[in-house]
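Residue numbers (this note's numbering), protein chains in the order written: chain A, 17 to 455; chain B, 84 to 390. What follows is a short report on a single structure.
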Amino acid sequence: MKKLSMLLIFLFLCSSLLWAGGKEEVAAPIELNLLAWSYSVETVQSNLEKFERDNPGIKVNYSDVSWFNFHDVMATRFTSKTPTDVVYNTDEFLEEWDSAGWIVPLEDYFPQAVEYKKNFPDYVTEAMSYNGKLYGLPYFADIFIFIYNEDMVKEAGFAGPPTTWKEVTEQSLAMKKKGICTYPLAMQFAQKEGWSTMTVTSMVYSLRNGSLFDRNLNPVFAKSGSAAERIVTWIRESLLDTKIMDLNSLQMAEIDVVKALATGKHAFTILVKYNLAELNNPAASQLAGKFKIALMPGETHETVGTARFYSLTKMATERGPEVLDACWKLIEFLGGITDGEAYVVRRWVLEKGLGVSYLSMYEDSEVIDAINKWGDVELEREQALLGKIKEGMTPFYPAWDVFTRAEFHKAFLGEKTPSEALKASADKWNELKKAYYKE
Amino acid sequence: MVNRSRRERGVSLFRRRSSTSIYGYGTIAPAVIVIALFTIYPFFYAISASMRHLVLTMPYDQRFVGLGNFIEVVKSYYFFTSLKNTLVYMLSTLILVVICGMTIALYLNSGLPGFNLVMIIILIPWAIPTVVAGITWKLIFHGSYGALNGALYSLGIIEEYIAWLSNKYLAKAAVIIAHVWKETPLVAILFLAGLKTIPGELHEAAMIDGSSAFKSFFRITVPFLKPIILIVIVYESMVGLATFDLLYVMTGGGPGDATSLIGWFAYTETFSFLNIGHGAAVSLILALILLAFIMLYLRLIRIEEMY
Numbered sequence: 017m018k019k020l021s022m023l024l025i026f027l028f029l030c031s032s033l034l035w036a037g038g039k040e041e042v043a044a045p046i047e048l049n050l051l052a053w054s055y056s057v058e059t060v061q062s063n064l065e066k067f068e069r070d071n072p073g074i075k076v077n078y079s080d081v082s083w084f085n086f087h088d089v090m091a092t093r094f095t096s097k098t099p100t101d102v103v104y105n106t107d108e109f110l111e112e113w114d115s116a117g118w119i120v121p122l123e124d125y126f127p128q129a130v131e132y133k134k135n136f137p138d139y140v141t142e143a144m145s146y147n148g149k150l151y152g153l154p155y156f157a158d159i160f161i162f163i164y165n166e167d168m169v170k171e172a173g174f175a176g177p178p179t180t181w182k183e184v185t186e187q188s189l190a191m192k193k194k195g196i197c198t199y200p201l202a203m204q205f206a207q208k209e210g211w212s213t214m215t216v217t218s219m220v221y222s223l224r225n226g227s228l229f230d231r232n233l234n235p236v237f238a239k240s241g242s243a244a245e246r247i248v249t250w251i252r253e254s255l256l257d258t259k260i261m262d263l264n265s266l267q268m269a270e271i272d273v274v275k276a277l278a279t280g281k282h283a284f285t286i287l288v289k290y291n292l293a294e295l296n297n298p299a300a301s302q303l304a305g306k307f308k309i310a311l312m313p314g315e316t317h318e319t320v321g322t323a324r325f326y327s328l329t330k331m332a333t334e335r336g337p338e339v340l341d342a343c344w345k346l347i348e349f350l351g352g353i354t355d356g357e358a359y360v361v362r363r364w365v366l367e368k369g370l371g372v373s374y375l376s377m378y379e380d381s382e383v384i385d386a387i388n389k390w391g392d393v394e395l396e397r398e399q400a401l402l403g404k405i406k407e408g409m410t411p412f413y414p415a416w417d418v419f420t421r422a423e424f425h426k427a428f429l430g431e432k433t434p435s436e437a438l439k440a441s442a443d444k445w446n447e448l449k450k451a452y453y454k455e
Numbered sequence: 084m085v086n087r088s089r090r091e092r093g094v095s096l097f098r099r100r101s102s103t104s105i106y107g108y109g110t111i112a113p114a115v116i117v118i119a120l121f122t123i124y125p126f127f128y129a130i131s132a133s134m135r136h137l138v139l140t141m142p143y144d145q146r147f148v149g150l151g152n153f154i155e156v157v158k159s160y161y162f163f164t165s166l167k168n169t170l171v172y173m174l175s176t177l178i179l180v181v182i183c184g185m186t187i188a189l190y191l192n193s194g195l196p197g198f199n200l201v202m203i204i205i206l207i208p209w210a211i212p213t214v215v216a217g218i219t220w221k222l223i224f225h226g227s228y229g230a231l232n233g234a235l236y237s238l239g240i241i242e243e244y245i246a247w248l249s250n251k252y253l254a255k256a257a258v259i260i261a262h263v264w265k266e267t268p269l270v271a272i273l274f275l276a277g278l279k280t281i282p283g284e285l286h287e288a289a290m291i292d293g294s295s296a297f298k299s300f301f302r303i304t305v306p307f308l309k310p311i312i313l314i315v316i317v318y319e320s321m322v323g324l325a326t327f328d329l330l331y332v333m334t335g336g337g338p339g340d341a342t343s344l345i346g347w348f349a350y351t352e353t354f355s356f357l358n359i360g361h362g363a364a365v366s367l368i369l370a371l372i373l374l375a376f377i378m379l380y381l382r383l384i385r386i387e388e389m390y
């Protein structure tokens, strides 16, 4: 009996070893870690399923973090060396993350990426480049636009949307007077909202001499009578004097503004263009079809152009050539053109209204039809041509941005004059610039 | 024979003591290792980081700067404003939590009806995670669709919705209310436990001698509760000084810097500005402030005078 037991144990161990050995013969898939901010998670997962089907040797571990915490979580993740190979990135973070040694230029490892530049609008290439090198392929590229509720404008007695900030005030006051809405304007000015400073910047761009910095990265926004001072003053008056802007704007993030507009509480706002698709989506908005794009009110009608893209991390480059190759496949699938089609980029445009990052897509009839469903492709193109890359993109821009959001709040609430707040912001910029460039 | 026997007894005692010591050290070792890993090491690392130029976007430059980070932090735009905000926040929450906690404890100890129901109700805020509590209160105070605005408007108290969290005074009041709501249950339970230890005869005797309830409270109840009051004050001061999560969820430190406490800037310096040196310096300053408060409390409420 004892011998039989021993024999059974021996056989069990042998079969276990053979099974384990047999498993090793099948090559384990390469695992990639993709870090993203949370947006349409089910679409991302479905894209990744397709990628894994097309590339059976690669498995993608996808994690997402709220956009509000994305920067801070990524800082922790990179510092603690939590495995991360491909990461969502933005033009605001690019220089900072490169300086910290967290990401690498894509074209240093994959020179073929440079070929894509020919198909990007200039601002998209610029948004994804640092020191003349391309750091990624696009998730989407978009512009800040002025959105208005057409019915409310007509009801207030106006034939078309406002074309200057003065007209925005006039139309808003008319709406208030007629009881159409209490606060015609709502903005994404929450201190945690990453788009907050960009919204103000897009308004600054719309004015003559609408710049924040000169060519040597010296702040010009704090000069007396600057476009920035005019805009901050206008916002403050809209909040405190004319009361055309909802004071809750100071707590509103992008999603809050979209929801508030969709219920008819407000008539005007500034958002990144893809939100127009959501506002005019009958499944998400009670007032679908009422929201239109207008050129940014102001004097030049220029606006901010921005890009979100996929970056390669330094950690990935340390994992060997096979992993690097897999990373390129993933980045190209997500942001490039494979088998003659920008599958994922196009899908975002068609299904979610995210901005077009490839010029060739404006020739795509399906894309044109999709945009026209919720927007106006001609007006969008006109506004896109007036899109300017963000100024001041430096390793210290994110830190300055966080500081400036608080200063804007102080100016908006009347705790400081616009010139005091802008001066404090300029001083902070100069302090950071001195610290970074003293070497 | 006698000497041998003594020697044997000595060896045996030594062995017993040794084995007791090994057992003792072995028992506390896991706790010591955990504390060393998660408290002592980070503490010394924070001291080291606070004395270096440790900015994540400048990895090539990590020179020793001595007290440079501390000086920069104290000279920074936020230090004195946030220090004032922190002290106001800590004192307000402390006073309110003690008053509310004591009131509830006295009610629960009075034997009035509804004891079980009140116990369950007051424990709910304590059981809710702070982040969830913060989100709940943010929704209550929401300027567009908040429950508070809805209630006040329905009752005719306000004519239009108030943007509670966009006003620097109201935002401060809102986070203090949320904090007090969250912390009161624990304090009430602690006070209740203390009240249960006070002999009933003392109050009866005082009543027979004609002492008012007010006098009895200050002459009998408060002296008996002194040790618990000390614990509550120390603990709630720590919680108040180091508050971060509630602010992060409810106001994001705003509007402006209105609800930005020192703890907030320890986070901002570290994770938003990526300046680990400054972040560590702010955290150590916060720890020193806390230590100063604890020492002050210990002096004010002398343990030996409590009994």
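Using N, Cα and C, we set each Cβ at its ideal position, and we do this for glycine too. None of these values were measured; they are calculated from a predicted model.
is_contact[residue i, chain B] using C-beta, thresh 8 Å
i              : result
E431 (chain A) : yes
Y88 (chain A)  : It is worth fixing the name first, because residue 88 (chain A) is Asp in this sequence and not Tyr. True, the Cβ-Cβ gap to chain B drops below 8 Å.
S301 (chain A) : no
L48 (chain A)  : no
K281 (chain A) : yes
N264 (chain A) : yes
K39 (chain A)  : Residue confidence for K39 (chain A) is low, a pLDDT of 49 falling below 50, so the modelled location carries little weight; the figure read from the coordinates is stated next. No, its Cβ sits nowhere closer than 8 Å to a Cβ of chain B.
Q204 (chain A) : no
Alpha helix (DSSP H) segment containing residue i, residue limits
i              : result
S237 (chain B) : A230 to S237
K406 (chain A) : Note, K406 (chain A): premise wrong, no alpha helix (DSSP H); not H, not E.
W53 (chain A)  : Premise fails: W53 (chain A) lies in the beta strand (DSSP E), I46 to W53, not in any alpha helix (DSSP H).
L371 (chain B) : I359 to L383
T59 (chain A)  : V57 to D70
K306 (chain A) : Element bounds for K306 (chain A): n/a, residue is neither H nor E.
F297 (chain B) : A296 to S299
S320 (chain B) : V305 to L324
Cβ pair residue i, residue j closer than 8 Å
i              : j              : result
L201 (chain A) : M144 (chain A) : no
P414 (chain A) : E112 (chain A) : yes
K368 (chain A) : Y290 (chain A) : yes
L191 (chain B) : V201 (chain B) : yes
S343 (chain B) : I259 (chain B) : no
L357 (chain B) : V138 (chain B) : yes
L330 (chain B) : G336 (chain B) : yes
G226 (chain B) : A254 (chain B) : no
Anticipated Cβ contact below 8 Å, residue i with residue j, distance rounded
i              : j              : result
Q399 (chain A) : M312 (chain A) : 7 Å
M90 (chain A)  : L51 (chain A)  : 7 Å
S265 (chain A) : F205 (chain A) : 5 Å
S110 (chain A) : M409 (chain A) : A quick correction: the sequence has Leu, not Ser, at residue 110 (chain A). Rounded, the Cβ-Cβ distance is 7 Å, consistent with contact.
F156 (chain A) : L370 (chain A) : 4 Å
Residue range of the beta strand (DSSP E) that includes residue i
i              : result
T433 (chain A) : Element bounds for T433 (chain A): n/a, residue is neither H nor E.
L195 (chain B) : Taken as a continuous stretch (DSSP letters only), L195 (chain B) belongs to no beta strand (DSSP E), as it is neither H nor E.
K193 (chain A) : Element bounds for K193 (chain A): not the beta strand (DSSP E) but the alpha helix (DSSP H), W181 to K193.
I286 (chain A) : F284 to V288
Cutoff 8 Å: residue i Cβ touching any chain A Cβ
i              : result
G239 (chain B) : no
D340 (chain B) : yes
K251 (chain B) : yes
F354 (chain B) : yes
G362 (chain B) : no
G346 (chain B) : no
A246 (chain B) : yes
S165 (chain B) : no
T140 (chain B) : yes
S131 (chain B) : no
S193 (chain B) : no
T351 (chain B) : yes
L357 (chain B) : yes
Below-8 Å beta-carbon distance, residue i vs any chain D residue
i              : result
E270 (chain A) : This model lacks chain D altogether, as its protein chains are A and B.
Residue i: CB within 7 Å of a non-hydrogen atom of the ligand ATP
i             : result
E65 (chain A) : No copy of the ligand ATP occurs in the structure displayed, which carries no ligand at all.
| Below 8 Å, can you find three or more Cβ-Cβ pairs linking the segment 274 to 283 of chain A to the segment 299 to 311 of chain A? | Touching, yes.
| said: Quick check: the segment 117 to 129 of chain A against the segment 331 to 351 of chain A, are at least 3 beta-carbon pairs closer than 8 Å? | reply: They touch, by the three-pair rule.
| query | Three or more beta-carbon pairs under 8 Å between the segment 416 to 425 of chain A and the segment 209 to 224 of chain A, yes or no? | reply | yes
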